[in-house]
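Participant: Mind having a look at this structure? Questions to follow.
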Amino acid sequence: MQSLTNRSKQVSKKEMTFMEKLYLPAILGGMRITLSHLFKKKVTVSYPEQKRPISEVYRGQHVLKRDESGAERCTACGLCSVACPAEAITMTAAERKKGEEGLYREEKYAAVYEINMLRCIFCGLCEEACPKEAIFLTDRIVPTEFERGDFVYGKDKLVEPMDKNLRVDVSVRQTKGVLEFKQHPQYAHNKLWDPNKAIKSKKSAH
Amino acid sequence: MTTLIMTSGFDWWPYILVVILFLISLGVAAYATYAERKVAAFLQDRLGPNRAGPFGILQPIADGVKMFMKEEIIPNVSNKTLFILGPAIAMLTALLTGAVIPWGPDVVVDGKVYRLQVTDVNIGVLYLLGVVSIGVYGIMIGGWASNNKYALLGALRASSQMISYEVAMGVSIVTLIMFTGTLSTAEIAQQQHGFWADGYFTWNFFKNPLVFLIFFICALAETNRTPFDLPECETELVGGYHTEYSSMKLGFYLFAEYVNMFISSAVISLFFFGGYNFPFMDQIDNQLLVSLIGVGVMFAKTVFFIFVFMWIRWTIPRFRYDQLMNLGWKVLIPLSLVNLAITGLVMYFTGNLE
Ligand code: SF4
Ligand code: SF4
């Protein structure tokens, strides 16, 4: 059988020779190996100062997008909640009043929208399920908290700011294949969303 | 102890030295915990603790504070007196051994001699052996008083292991005593003066390396260091004899191990690697300078052996219990006896026997 590395050894159960029984040469050999590691380059990444490069499509903390005019895209359809395998998402829907057109894009919106970050497994299925392109995962890392309750993120933490310069850029997450797929007539109602016009803002976490 | 009361009044020096030694032992032990983590990390290509202070040098203080802040738990099924006595004995015996070790040549300032040894009892070697074997009581009493199966098993292992290896250690020390011809630690140090004399090395290691080897292995076993750390192996016995301990009582056990390691390293460098002696020490005229370098050399050797202890710990996996007993009874004891006989024969035929 071809081995994956050239380090494989045939196992044998032959009697140990005297040198092997002495055990000391083997110990010294082992100690030589560990000593050589003393001078090797350390693999530790000193986290807050150094960061590992992460993928552009890293699945971190969610964002609830607004459209160009600043209205929330989410229509509280609940599809993300249904898709979520960890049952992390809950929401309460409400009807848009007259005069709130600038705040909510659809006639129905999520008055309460909560993601429990302790339940979430960052699979990204909510992002995939959303017909309104309202929810995206970003490369931001969910910070630690002292209380369990603080991990339940409400709209205050999830919805991106109104200020166009502070919007969260998710255009890199839209791969070519995804964009093509979105040309499908089924998504015609999403016309307003033009990824090329998506607001480019500086990434928040990095 | 005649030096205690001198004609010129009460001599405080031994007492001051005791305090200094106490502080140094604790300080070295504290930093040994830090060094252990650093060495472990470096041998495993990691960085180790580096957050508390520059390079993490305040880590032992942080650890100590943490230990003190922890809740003190005494199990209500335990034997309370013995439960507290255990770590106290472990710590006490660990600190006692330092008394007979000469940490350097005599320092002479303004005609007054300051000995760098708390007391030069003429049976220093026996004193060391005796105190070390009391050390097992700390572990045994602690493990037994906990009233916990794992702790008891750990204590049993500790005592049988220590007693087994003390035999080999004792015989190897007898061999050492045979060719040094003295039981005084100060004299053993003086005999290894310099590095080279009469066409041969003066250090005992070169005279009989096998004694060193046996003594070193036994020292590993006596201090419960890997590969002989069966009394406290986490995988089988939770924590061994200190399973039930918390807070500073646990700290004392862990600390005692490091103090033991420090003293063992000092004893090894004293018995086999010339103690405070270093090559070309006679070429330096200034007696004070020789003394100071001597102290430095002694500590350098000790630190080196502490490093070897750690290096071994992070290289070799733990023995199985039968392997441990085989090594102790079937290998080390016969080997040390044969070594004893051969040394005796060599001394007889070379006419060194008095
Ligand atoms: S990323 Fe996955 S687990 Fe997390 S909220 Fe979305 S669907 Fe649920
Ligand atoms: S985020 Fe998307 S899928 Fe979830 S409720 Fe809002 S519109 Fe529906």
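Protein chains in written order, with my numbering: chain A, 1 to 206; chain B, 1001 to 1354. Note that the Cβ used here is the ideal one computed from N, Cα and C, for glycine as well.
(1) Using a cut-off of 8 Å between C-beta atoms, extract the partners of B/Trp1311 located in chain A.
(2) Report yes or no: is there a C-beta of chain A within less than 7 Å of the C-beta of B/Thr960?
(3) Could you tell me whether any non-hydrogen atom of ligand 1 is closer than 6 Å to the CB of A/Phe122?
(4) Cα separation between B/Ala1360 and B/Ala1168?
(5) By the 10 Å Cβ neighbour count, where 16 or more other Cβ atoms means buried, how is B/Asp1110 classified, buried or exposed?
(6) Measure from the alpha carbon of A/Leu79 to the alpha carbon of each residue in A/Glu133, A/Ser69, A/Leu24, then state which is nearest.
(7) Going by C-alpha to C-alpha distance, which of B/Leu1021, B/Trp1144, B/Ala1040 sits closest to B/Asn1079?
(8) Listing by chain order, which chain B residues have their CB less than 7 Å from the CB of A/Leu38?
(9) Closer than 6 Å to a non-hydrogen atom of ligand 2 - does that hold for the CB of A/Ile135?
(10) Could you give the DSSP three-state label for B/Trp1196: helix, strand or coil?
(11) Is A/Val45 close to chain B? Criterion is C-beta to C-beta, closer than 7 Å.
(12) Taking CB distances under 7 Å as the criterion, tell me whether A/Lys42 reaches chain B.
(13) Just checking A/Thr74 against ligand 1 - is the residue's beta carbon closer than 6 Å to any of the ligand's heavy atoms?
(14) Mark B/Ala1300 as exposed unless 16 or more other C-beta atoms lie within 10 angstroms of its C-beta, in which case mark it buried.
(15) Are any of the Cβ atoms in chain A nearer than 7 Å to that of B/Thr1315?
(16) Can you tell which of A/Arg167, A/His184, A/Val172 has the C-alpha that lies nearest to the C-alpha of A/Glu68?
(17) B/Thr1093 and B/Asn1208 look like a contact to me (Cβ under 8 Å); what is the Cβ gap, rounded to whole Å?
(18) According to the Cβ coordinates, are B/Gly1274 and B/Trp1203 closer than 7 Å?
(19) Would you tell me roughly how many angstroms separate the C-alpha atoms of A/His37 and B/Phe1042, rounded to the nearest one?
(20) Would you call the CB atoms of B/Val1107 and B/Gly1124 closer than 7 Å?
(21) Output, in sequence order along the chain, the residues in the segment 1046-1069 of chain B whose CB is closer than 7 Å to any CB in chain A.
(22) Who are the near neighbours of B/Glu1187 in its chain, counting only those whose CB is closer than 8 Å to its CB and skipping five residues on each side?
(23) Please identify the residue among A/Arg59, A/Thr75, A/Tyr58 whose C-alpha is closest to the C-alpha of A/Arg207.
(24) Using only the heavy atoms of ligand 2, determine whether one of them is closer than 6 Å to the beta carbon of B/Leu1153.
(25) How many Å lie between B/Val1303 and A/Ser46 at the Cα?
(26) Compute every distance between the C-beta of A/Lys97 and the non-hydrogen atoms of ligand 2, then say whether any falls below 6 Å.
(27) Which residues mark the beginning and the end of the beta strand (DSSP E) in which A/Ala86 is found?
(28) Using the Cα positions of B/Gly1138 and B/Ala1090, report the straight-line distance between them to the nearest angstrom.
(29) Judging by CA-CA distance, which residue of B/Tyr1165, B/Arg1313, B/Ile1084 is the nearest neighbour of B/Gly1251?
(30) DSSP state of B/Asn1204, grouped into three classes?
(31) Given this structure, state the Cα-to-Cα distance separating A/Lys21 from B/Ala1158, to the nearest angstrom.
(32) Under 7 Å Cβ-Cβ, which residues of chain B neighbour A/Ile27?
(33) Taking 6 Å as the cut-off, is the CB of A/Cys77 close to at least one heavy atom of ligand 1?
(34) Taking contact to mean 3 or more Cβ pairs, one atom from each stretch, closer than 8 Å, check whether the segment 116-136 of chain A and the segment 77-96 of chain A are in contact.
(35) By the three-class DSSP mapping on this structure, what secondary structure does B/Asn1112 have?
Facilitator: Concretely, from the data shown:
(1) Met31, Thr34, Leu35
(2) Past the edges of chain B, shown from 1001 to 1354, lies residue 960 of chain B, and the structure says nothing about it.
(3) Yes.
(4) The requested residue 1360 of chain B does not occur in the structure, where chain B is confined to residues 1001 to 1354.
(5) Classification for B/Asp1110: exposed.
(6) Residue nearest to A/Leu79 within the set A/Glu133, A/Ser69, A/Leu24 is A/Glu133 (criterion: CA-CA distance).
(7) B/Trp1144
(8) Phe1042, Leu1043
(9) yes
(10) strand
(11) no
(12) yes
(13) The residue asked about is misnamed: residue 74 of chain A is Cys in this sequence, not Thr. No, Cβ of A/Cys74 sits at least 6 Å from all heavy atoms of ligand 1.
(14) Exposed, since its Cβ has fewer than 16 Cβ neighbours within 10 Å.
(15) With a threshold of 7 Å between beta carbons, B/Thr1315 makes contact with chain A.
(16) That would be A/Arg167, whose Cα lies nearest to the Cα of A/Glu68.
(17) So it is not a contact: roughly 28 Å between Cβ atoms.
(18) yes
(19) 7 Å
(20) Taking 7 Å as the Cβ cut-off, B/Val1107 and B/Gly1124 do not qualify as a contacting pair.
(21) Arg1046, Leu1047
(22) Thr1180
(23) Any answer about residue 207 of chain A is impossible in this case: the structure gives chain A only from 1 up to 206.
(24) Distances from the CB of B/Leu1153 to the heavy atoms of ligand 2 are all 6 Å or more.
(25) 28 Å
(26) No, the Cβ of A/Lys97 stays beyond 6 Å of every heavy atom of ligand 2.
(27) It is not in any beta strand (DSSP E) - A/Ala86 carries neither H nor E in the DSSP assignment.
(28) 4 Å
(29) From the listed residues B/Tyr1165, B/Arg1313, B/Ile1084, the smallest Cα separation to B/Gly1251 is found for B/Ile1084.
(30) helix
(31) Taking the straight line joining both Cα atoms gives about 26 Å.
(32) Ile1316
(33) no
(34) Yes, since at least three Cβ pairs between the segment 116-136 of chain A and the segment 77-96 of chain A fall closer than 8 Å, the two stretches touch.
(35) Here residue 1112 of chain B turns out to be Lys, not Asn, going by the sequence shown. In the structure shown, B/Lys1112 sits in a strand (DSSP, three-state: E or B).
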